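Heads up, the thing below is written out as structure tokens.
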Amino acid sequence: MDGREISLQFRFFTSFKMTNKDTIQSKLNIDTIRKDFPILFREVNGRPLVYLDNAATSQTPRQVINTIVDYYQNLNANIHRGVHTLSQEATDAYEEARRKIQEHFNIAKPHEVIFTSGTTHSINLVATGFTSFLDKDDEVLVSAMEHHSNIVPWQMLCERTGAKLKVIPMTVDGELKMEEYNKLLSQKTKLVFCNHVSNALGTINPIKGIIDAAHGVGATVLIDGAQAAAHIKADLQALDVDFYTVSAHKMCGPTGVGILYGKEEWLNKLPPYQGGGEMIAEVTFEKTTYADLPHKFEAGTPNICGGIAFGAALDYMNAIGFDMITEYEDELVRYATEQLLTIEGLKIYGTAKHKTSVISFNIKGIHPYDIGTILDKLGIAVRTGHHCAQPIMDFYQIPGTVRASFSFYNTKEEVDVLVEGVKKAKSMLL
Amino acid sequence: MNRNFEQNEQMTIQEIQEEIVDEFSMFDDWMQRYEYMIELGKSLPLIDDQYKTEDYIIKGCQSKVWVHAQMKDDKVVFTADSDAIITKGIIAILIRAFSNQKPQDIIDADTSFIDEIGLKEHLSPTRANGLVSMIKQLKLYAVAYQTQLN
């Protein structure tokens, strides 16, 4: 497949042919936005940082940093326990963050938002909870383009229960084969897991179709939204999804905090994941009764500051607007795709019609690690390797890729630096 | 460049390391150092294909690195390969210093010359290229042969 064919498959190419590079950045004031991110002004190896590893973690705006500082300077107390003012204020701020998350994802009830340490924790909570609901005749389906965190917990669940793990295959463009998926679904299917956006390929999966088809056979669906949440504002009630997971650090929030969304009926059915304080109603040595949602799943002192800062991150991104963010990032990725494909021997992995913010590539004859090392010397941060998605790399029979992933604070000029960097690396390494 | 590998028989590890440091001191910037390292990678005494198996892979590297060792008289001879050229350059530098040396000398060798040639960033244990794992593996081979000698 040559570059032209790839570019024509991009959805944004069909309606828009860019003739003037300056049209990029016209709607968002990127210079102003960039000033919100102090880290973007540091140097790496003597050069201005070009941060293109946003799929691993996004950078943090000063509004979120200030929230963290303010919390420890003015609000720090344990929540849901004390009668004193500080504890009440911290509790209010934490619960306000929960409400912001509820509103952002159009979730019906605030207690359907469970604070976790992030997506991995969220998935493990559900996978562990399902142990008593599965037996050896059941099947669970997982997509071929999952991150390890959405594979391993389900493999462990299958080992515990004897249930069978089946894989929804994908095409060479990085799109799920929906016909195959529909064939795999049966009365035996109890669970379906899929990411909303692939971290390694950038594919936006057709999750509404996946969810509806699964519900058609009575299966439960968990969608891993970790990679999507920074780019797509998901309406979880409209999707009718059973579980959805998000990590704050991929959307301008801090590390170590995220959420599990679960439908109330499912959260009531699932057993608690961890025992401890906060998650109990009454405890005697004979028996403990569990607290109501969401506390049943929030044992111990949570990441209070992180939760509040997550709320601040949502405020920040919503003030810019997800429509604007999506439009801008699509233009940026299209421009980067077009420019990278001018490099002879460069191949992009993941050319789905619907994709976002990630470009995974290799250059013929060069190991991705070598390219990443040279780019780092040039101040450009990309990820190299298998991106915790080894099955995808096995599918393409490659050791890994170079992955450039974009955010709304990246610029066309940074794309140019990347392209020049890749050219430089190629000339040194070949 | 192959000559350097052959010369090792007459030089101590310390002397070879000083020679490498001298060579790298000629370069003004990282780009020249990396270009030289890539050249060194291309001159690495390649491992025999029969040893490019899982058994000879060094764990902890993002790229694949295979190392084989054998005793020749009273010295350890290393051969290696990697699928990434920069990694190959790094292991070439290590092998130039350590190959054709007595096991005890390899065990006792200091590796701070890596820092002196401007590759300090590769010494971090968290670095994905596994330089630390490579050094450990070379020394482990030396320990194994030294044990046999005792």
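Read top to bottom, the protein sequences are chains Y and D. Under the working numbering, the first residue of the first sequence is numbered 1347, with each subsequent residue one higher. Under the working numbering, the first residue of the second sequence is numbered 8, with each subsequent residue one higher. Idealized CB from N, CA, C, for every residue including glycine. Remember, it's a predicted structure, so these values are computed and weren't measured experimentally.
What is the rounded straight-line gap between the Cα of residue i and the Cα of residue j?
i: G1349 (chain Y); j: C1734 (chain Y); result: Annotation note: pLDDT 39 at G1349 (chain Y) (below 50); position unreliable, no value reported.
i: T1477 (chain Y); j: K1534 (chain Y); result: 16 Å
i: G1564 (chain Y); j: N1528 (chain Y); result: 13 Å
i: V83 (chain D); j: E1760 (chain Y); result: 48 Å
i: Q39 (chain D); j: E46 (chain D); result: 10 Å
i: D1762 (chain Y); j: T1688 (chain Y); result: 12 Å
i: E1766 (chain Y); j: K1772 (chain Y); result: 10 Å
i: S1456 (chain Y); j: I1514 (chain Y); result: Reading off the sequence, residue 1456 (chain Y) comes out as Pro, not Ser. Roughly 33 Å separates the two Cα atoms.
i: I1385 (chain Y); j: H75 (chain D); result: 44 Å
i: Y58 (chain D); j: G48 (chain D); result: 18 Å
i: A1572 (chain Y); j: E61 (chain D); result: 34 Å
i: S1468 (chain Y); j: G1621 (chain Y); result: 16 Å
i: E1684 (chain Y); j: G96 (chain D); result: 33 Å
i: P1617 (chain Y); j: G1475 (chain Y); result: 6 Å
i: H1732 (chain Y); j: M1739 (chain Y); result: 6 Å
i: A1439 (chain Y); j: E1677 (chain Y); result: 37 Å
i: I1626 (chain Y); j: P1640 (chain Y); result: 11 Å
i: W37 (chain D); j: K1723 (chain Y); result: 8 Å
i: N107 (chain D); j: Y1715 (chain Y); result: 30 Å
i: Q77 (chain D); j: P110 (chain D); result: 11 Å
i: E1458 (chain Y); j: G1608 (chain Y); result: 5 Å
i: H1542 (chain Y); j: L1721 (chain Y); result: 29 Å
i: T1378 (chain Y); j: S1753 (chain Y); result: 15 Å
i: V1538 (chain Y); j: L1613 (chain Y); result: 17 Å
i: G172 (chain D); j: R1393 (chain Y); result: Residue 172 (chain D) falls outside the range modelled here, since chain D spans only 8 to 157, and no answer is possible.
i: F1461 (chain Y); j: Y1590 (chain Y); result: 12 Å
i: Q17 (chain D); j: K66 (chain D); result: 32 Å
So residue i and residue j are supposed to be a Cβ contact under 8 Å. How far apart are they, rounded?
i: M141 (chain D); j: I98 (chain D); result: 6 Å
i: A1559 (chain Y); j: G1599 (chain Y); result: Contact doesn't hold; Cβ gap of about 32 Å is too wide.
i: D90 (chain D); j: P1745 (chain Y); result: 7 Å
i: T1747 (chain Y); j: Y1695 (chain Y); result: 6 Å
i: L1582 (chain Y); j: N1452 (chain Y); result: 6 Å
i: T1757 (chain Y); j: I1376 (chain Y); result: 6 Å
i: T1630 (chain Y); j: T1403 (chain Y); result: With a Cβ gap of about 44 Å, T1630 (chain Y) and T1403 (chain Y) do not count as contacting.
i: L1547 (chain Y); j: M1491 (chain Y); result: 6 Å
i: L1776 (chain Y); j: I1712 (chain Y); result: 6 Å
i: F1465 (chain Y); j: D1570 (chain Y); result: In the sequence as presented, Phe is not what sits at residue 1465 (chain Y); that position holds Thr. With 8 Å as the limit, T1465 (chain Y) and D1570 (chain Y) qualify as a contact, their Cβ atoms being about 6 Å apart.
i: K1554 (chain Y); j: F1668 (chain Y); result: Not confirmed; about 18 Å, so no contact.
i: H1595 (chain Y); j: T1672 (chain Y); result: Between T1672 (chain Y) and H1595 (chain Y) the Cβ distance is about 20 Å, and since that is not below 8 Å, they are no contact.
Nearest to residue i by alpha carbon, out of the options?
i: D1519 (chain Y); options: Y:K1701, Y:T1378, Y:P1737; result: Y:K1701
i: Q21 (chain D); options: D:Q153, D:A76, D:D112; result: D:D112
i: F1489 (chain Y); options: Y:N1420, Y:P1456, Y:I1556; result: According to the sequence as given, residue 1489 (chain Y) is Ser; it is not Phe. Checking every option, the nearest Cα to that of S1489 (chain Y) belongs to Y:I1556.
i: S119 (chain D); options: D:N157, D:S70, D:K109, D:L138; result: D:L138
i: I1497 (chain Y); options: Y:M1774, Y:Q1736, Y:Y1755, Y:F1741; result: Y:Q1736
i: K1770 (chain Y); options: D:Q17, D:M18, D:M33, D:E42; result: D:E42
i: F1383 (chain Y); options: Y:N1391, Y:K1373, Y:V1396, Y:G1392; result: Y:V1396
i: S1751 (chain Y); options: Y:I1605, Y:A1574, Y:N1614; result: Y:A1574
i: Y1619 (chain Y); options: Y:V1629, Y:E1644, Y:H1595; result: Y:E1644
i: K1615 (chain Y); options: Y:A1454, Y:F1754, Y:Q1409, Y:D1588; result: Y:D1588
i: V1728 (chain Y); options: Y:I1379, Y:R1388, Y:N1400; result: Y:N1400
i: F1707 (chain Y); options: Y:G1691, Y:K1699, Y:I1720; result: Y:G1691
i: S1593 (chain Y); options: Y:F1387, Y:D1586, Y:G1604; result: Y:G1604
i: L1686 (chain Y); options: Y:I1411, Y:V1768, Y:K1512; result: Y:V1768
i: Y143 (chain D); options: D:S70, D:D115, D:D56; result: Residue identity differs from the one stated: residue 143 (chain D) is Lys in this sequence, not Tyr. The shortest C-alpha separation from K143 (chain D) is found at D:D115.
i: Q69 (chain D); options: Y:T1719, Y:Y1755, Y:E1632, Y:R1408; result: Y:T1719
i: I92 (chain D); options: D:L147, D:W73, D:M44; result: D:M44
i: I1486 (chain Y); options: Y:S1463, Y:Q1405, Y:C1540; result: Going by the sequence as given, residue 1486 (chain Y) is Val instead of Ile. Of the candidates Y:S1463, Y:Q1405, Y:C1540, the one whose C-alpha sits nearest the C-alpha of V1486 (chain Y) is Y:C1540.
Item to check | Contacting positions in the segment 1733-1767 of chain Y - beta carbon closer than 9 Å to chain D | outcome: P1745, G1746
Next on the checklist: Between the segment 14-33 of chain D and the segment 102-120 of chain D, can you find at least three pairs of beta-carbon atoms closer than 8 Å?
Outcome noted: yes
Checklist entry - For the 8 Å Cβ check, are there 3 or more pairs between the segment 1503-1522 of chain Y and the segment 1659-1678 of chain Y? => result The segment 1503-1522 of chain Y vs the segment 1659-1678 of chain Y: no contact.
Checklist entry - Any chance the segment 1442-1457 of chain Y sits against the segment 1646-1656 of chain Y, with 3 or more Cβ pairs inside 8 Å? => result yes
Checklist entry - Closer than 9 Å, Cβ to any Cβ of chain D: which residues of the segment 1699-1730 of chain Y, in chain order? => result I1712, H1713, P1714, Y1715, D1716, G1718, T1719, I1720, D1722, K1723, T1730
Item to check | At least 3 beta-carbon pairs within less than 8 Å: the segment 1628-1636 of chain Y vs the segment 1427-1435 of chain Y | outcome: no
Checklist entry - Taking Cβ-Cβ distances below 8 Å as the criterion, which residues of the segment 61-80 of chain D are in contact with chain Y? => result Q69, S70, K71
Item to check | Residues from the segment 17-43 of chain D in contact with chain Y, defined by Cβ distance under 7 Å | outcome: W37, Y41, E42
Next on the checklist: Against chain Y, which members of the segment 90-121 of chain D pass a CB distance test of less than 8 Å?
Outcome noted: D90, A91, I92, I93, T94
Item to check | Residues from the segment 1383-1407 of chain Y in contact with chain D, defined by Cβ distance under 7 Å | outcome: none
Checklist entry - In the segment 1570-1593 of chain Y, which residues sit with their C-beta less than 8 Å from some C-beta in chain D, listed in chain order? => result none
Item to check | Under 7 Å (Cβ pairs) to chain D, residues found in the segment 1516-1532 of chain Y | outcome: none
Item to check | Residues of the segment 1622-1649 of chain Y with Cβ closer than 7 Å to any Cβ of chain D, in chain order | outcome: none
Next on the checklist: Residues of the segment 43-59 of chain D in Cβ contact with chain Y at a cutoff of 8 Å, in chain order, please.
Outcome noted: I45
Checklist entry - Taking a cut of 9 Å between CB atoms, which residues from the segment 1475-1501 of chain Y lie near chain D? => result Within the segment 1475-1501 of chain Y, no residue has a Cβ that lies closer than 9 Å to any Cβ of chain D.
Item to check | Members of the segment 1660-1676 of chain Y near chain D, C-beta cut-off 7 Å | outcome: So nothing in the stretch comes that close.
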